[in-house]
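What follows is the structure, encoded as C-alpha cells:
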C-alpha cells in the first residue's frame with residue numbers, strides 16, 4: 012500500500028480571507044491502515060462556505076479543524092483498500108472527509124452510493140447530499156412554511172437558495188429571491204421564483220422587499236446575515252420565522268460581528284429565529300434524498316453545479332464563494 | 012361635568028433618559044364626552060419599562076405615542092361618568108389608559124374587575140394584569156418549557172422575572188435568576204429559585220451561568236438583552252429557546268443597539284429566539300388570571316409591589332426602573 016495523498020491543511024488560523032500561507036498543500040503517504048479503516052480515492056470534493064467557520068477556534072456545531080489537520084469537507088470517491096467489514100474495494104462512498112486526494116476513513120459519517128444509482132456521482136455531495144437536504148428540510152420542516160405563505164430567500168442563486176426556492180414553489184408558496192447580479196436574478200426567475208432583488212444595485216432593501224412581498228414575509232430563509240437580514244426583519248409578518256441557515260456575509264470578518272440591528276423586531280412581530288442544522292435530520296436523509304432524486308428525474312427541480320477541475324484549485328475556488336461570482340453548487344473534480 | 016385632569020404628555024421624543032422637559036405635566040379639563048365614551052377616575056397607574064419603547068417613533072407591536080399625547084399606561088379606576096352601554100357609574104375597571112388622573116375611554120382594552128373580587132385593586136395592573144400574564148404565558152406556553160428543564164431568568168427580581176421563576180418552579184424545573192444586587196439574589200432564592208447570580212459583582216457571566224446551570228440552559232427568559240443575553244447564548248442547550256420578552260438594557264440607548272454578538276450560537280445549537288407579546292394570548296387572559304389568583308390565595312406564589320404615592324411621581328419612578336433600584340412591580344397610587 013502506497014498512496015501519495017495531497018492535502019490542504021490548516022497551518023495557521025486565517026484572519027479574514029484564507030491565504031495559501033494559512034492553508035498550504037502537503038503530500039503525505041498512506042502506507043498502512045488499521046483494522047476497521049479503509050482508503051477512499053476521492054473523485055469530487057465539496058467546496059462550501061461553512062468550511063470557513065470550521066477554521067475558527069470558536070464553539071460551534073462541530074469541533075474546529077485542529078491545526079495541522081486536513082481541511083474538513085465532504086467528498087465522493089471509490090474504496091481502494093479496506094479493513095472495514097462493511098466496505099469492499101470498489102464501493103462508491105460519500106461522507107465527511109477532506110480536501111485531499113485520498114481519505115483514510117473509519118466509516119463514520121460515510122454512506123454508500125446506492126447500487127441502482129443513475130445520477131452523476133457528484134450529486135451525492137450536492138443536490139442529493141448536504142446541500143439538497145439543507146434546502147429540503149429547511150423549507151419543508153424547520154421553517155414551518157405553509158402553502159400560500161411568502162418565502163424570502165437570501166443567496167437565492169446559490170446552491171441551497173436556488174433549490175430551496177424551487178421546493179417552496181412546489182409547496183404552493185410565493186417565493187422571492189435576493190441575489191448579487193442581474194444575471195443571477197434572471198436565472199432564479201427562470202427557475203420559477205416569483206420575483207428577484209439584486210441587492211448590489213438596490214439602495215433601499217427594506218422598501219424593495221416590501222414591494223416584492225406585498226403580503227409581507229412569512230419565512231426568511233437566511234444564508235447571508237448582515238444588512239439583508241436587517242431589511243428582511245422589517246418586512247416579517249406577525250409570527251414570521253427567520254430560518255437561520257448561514258451567515259456568509261460575516262464568515263471572513265476579523266472583528267466580532269453583532270446580530271441584526273433590528274433585533275427588536277423579533278419581539279415586536281412575535282417572530283422567531285430558528286437555528287437550523289441539517290444534521291439534526293440525519294435519520295431522514297435517505298428518504299429525503301429519494302424524494303429529491305425523484306423531483307430531479309421528473310424535471311420538477313433544476314440544479315446547477317459549478318465543477319472546477321483540478322485538486323490544486325480547492326482554495327482559490329473556496330475564496331470565490333465569498334465574492335459572489337459563483338452560481339450553484341461548487342465542487343472540485345480531482346481527476 | 013368638570014374634571015380637572017392632570018396628565019404627563021409627550022412634548023418631545025426623549026433622547027436617552029426621559030426628562031421632565033420631554034414629558035411634562037399639564038392640566039386639561041374634561042367637560043363633556045361623546046356617546047359610547049366613559050370617564051374613569053384612576054386610582055393606580057402602572058409604571059413599566061415597555062413604556063420607554065412606546066415613546067420612540069419606531070415600528071413596534073403598538074403604534075408610538077404621538078407628540079402631545081398622554082403617556083400610555085395601564086390604570087385601574089372607577090367609572091364616574093358613562094355614555095357607554097356596558098359601563099355604569101361605580102364600575103371598577105382596568106385597561107390601557109395613561110399617566111393621568113382621569114381617563115376618557117371608549118371601552119377598548121377595558122375590563123371590569125370581577126364583582127366577587129377579593130384582591131387589592133392594584134393587582135389588576137400587576138400580578139393579575141399584564142405583568143402576571145406575561146410571566147404566566149411566557150413560561151407555560153411560549154417558551155416551550157418542560158418539567159425537568161432548566162430556566163434562566165434575567166431581571167429575576169423584577170415583577171415579571173420573580174413571578175416567572177416561581178411559575179417555573181411550580182412546573183418542576185430548575186430555576187436560576189440573574190439580578191443586580193446581593194439583596195435581590197437573596198430575595199429570589201427565598202422565593203424558591205435554585206440559584207441566583209449577581210451580575211454586578213460577577214466578572215465572567217458565561218462561566219457563572221455554566222456553574223449555576225450544570226445541565227445547561229433550556230430556556231433563557233430574557234427581559235434585559237445586551238451582555239447578559241450574550242452570556243446566556245453561550246450556555247444554551249441544543250434546541251434551547253430564548254424567550255425574548257424585553258430588552259431593558261437598551262431602552263434608553265441613543266444610538267442603534269445591535270443584536271447579540273453571539274448570534275451564531277443560535278445556529279450552532281439549533282436554538283430558537285421567540286419574540287413574545289402577552290397580547291397574543293388575549294383570549295386566554297381571564298382564565299389565566301383566575302389561575303394566578305388561585306396560586307396567590309394558596310400561597311404558592313408571592314408577589315411584591317412597590318407602590319409609590321402621588322401622581323407627580325410617575326416620571327421619577329419610571330426612571331428608577333432603569334437604574335436597578337426597584338424591586339417587584341412598580342406602580343403609582345394617585346390618591
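Chains as they are written, first to last, in this note's numbering: chain A, 12 to 346; chain B, 12 to 346.
Ideal Cβ positions, reconstructed from N, Cα and C, are used throughout, including at glycine.
Buried or exposed: residue i, going by 16 or more other Cβ atoms within 10 Å of its Cβ?
| i | result |
| --- | --- |
| residue 158 (chain B) | exposed |
| residue 178 (chain A) | buried |
| residue 185 (chain A) | buried |
| residue 26 (chain A) | exposed |
| residue 143 (chain B) | buried |
| residue 340 (chain B) | buried |
| residue 172 (chain A) | buried |
| residue 346 (chain B) | exposed |
| residue 262 (chain B) | buried |
| residue 70 (chain B) | exposed |
| residue 271 (chain A) | buried |
| residue 59 (chain B) | buried |
| residue 334 (chain B) | exposed |
| residue 160 (chain A) | buried |
| residue 204 (chain B) | buried |
| residue 119 (chain A) | exposed |
| residue 127 (chain A) | exposed |
Go to residue i, then tell me how far its alpha helix (DSSP H) extends in each direction, as first and last residue.
| i | result |
| --- | --- |
| residue 347 (chain A) | Any question about residue 347 (chain A) goes unanswered here, given that chain A covers just 12 to 346. |
| residue 250 (chain B) | Segment 247–255 is the beta strand (DSSP E) holding residue 250 (chain B); no alpha helix (DSSP H) there. |
| residue 161 (chain A) | Here residue 161 (chain A) belongs to no alpha helix (DSSP H); instead the beta strand (DSSP E) covers 161–164. |
| residue 222 (chain A) | 216–223 |
| residue 306 (chain A) | 296–308 |
| residue 147 (chain B) | 141–148 |
| residue 333 (chain B) | It is not in any alpha helix (DSSP H) - residue 333 (chain B) carries neither H nor E in the DSSP assignment. |
| residue 64 (chain B) | 61–65 |
| residue 156 (chain A) | No alpha helix (DSSP H) contains residue 156 (chain A), which DSSP labels as neither H nor E. |
| residue 26 (chain A) | Residue 26 (chain A) -> no alpha helix (DSSP H), and no H or E assigned at all. |
| residue 277 (chain A) | 275–279 |
Quick one: what's residue i bridged to in DSSP?
| i | result |
| --- | --- |
| residue 341 (chain A) | A:317 |
| residue 49 (chain B) | B:93, B:116 |
| residue 88 (chain B) | B:53, B:104 |
| residue 18 (chain A) | A:37, A:111 |
| residue 205 (chain A) | In DSSP, residue 205 (chain A) forms no bridge with anything. |
| residue 81 (chain A) | A:20 |
| residue 169 (chain B) | B:339 |
| residue 270 (chain B) | A:270 |
Answer yes or no: do residue i and residue j have a C-beta to C-beta separation smaller than 8 Å?
| i | j | result |
| --- | --- | --- |
| residue 148 (chain B) | residue 299 (chain B) | yes |
| residue 72 (chain B) | residue 105 (chain B) | no |
| residue 175 (chain B) | residue 164 (chain B) | yes |
| residue 209 (chain A) | residue 245 (chain A) | no |
| residue 82 (chain B) | residue 21 (chain B) | yes |
| residue 41 (chain B) | residue 16 (chain B) | yes |
| residue 85 (chain B) | residue 141 (chain B) | yes |
| residue 156 (chain A) | residue 287 (chain B) | no |
| residue 50 (chain A) | residue 91 (chain A) | yes |
| residue 89 (chain B) | residue 322 (chain B) | no |
| residue 170 (chain A) | residue 188 (chain A) | no |
| residue 28 (chain A) | residue 330 (chain A) | yes |
| residue 283 (chain A) | residue 280 (chain B) | no |
| residue 129 (chain B) | residue 316 (chain B) | no |
| residue 342 (chain A) | residue 191 (chain A) | no |
| residue 18 (chain B) | residue 195 (chain B) | no |
| residue 216 (chain B) | residue 199 (chain B) | no |
| residue 344 (chain A) | residue 14 (chain A) | no |
| residue 269 (chain A) | residue 269 (chain B) | yes |
Along the chain, where does the beta strand (DSSP E) containing residue i start, and where does it finish?
| i | result |
| --- | --- |
| residue 233 (chain B) | 228–233 |
| residue 241 (chain B) | Taken as a continuous stretch (DSSP letters only), residue 241 (chain B) belongs to no beta strand (DSSP E), being part of the alpha helix (DSSP H) at 237–244. |
| residue 187 (chain A) | 185–190 |
| residue 1 (chain B) | Within the shown structure, residues of chain B are numbered from 12 to 346, placing residue 1 (chain B) beyond reach of any answer. |
| residue 69 (chain A) | No beta strand (DSSP E) holds residue 69 (chain A); DSSP gives it neither H nor E. |
| residue 284 (chain A) | 283–286 |
Taking 8 Å as the CB-CB cut-off, is residue i touching chain E?
| i | result |
| --- | --- |
| residue 230 (chain B) | In the structure shown, chain E cannot be found, because the protein chains are A and B. |
Can you find at least 3 beta carbon pairs, one from the segment 227–245 of chain A and one from the segment 253–269 of chain A, that sit closer than 8 Å? With three or more CB-CB distances shorter than 8 Å, the segment 227–245 of chain A counts as touching the segment 253–269 of chain A.
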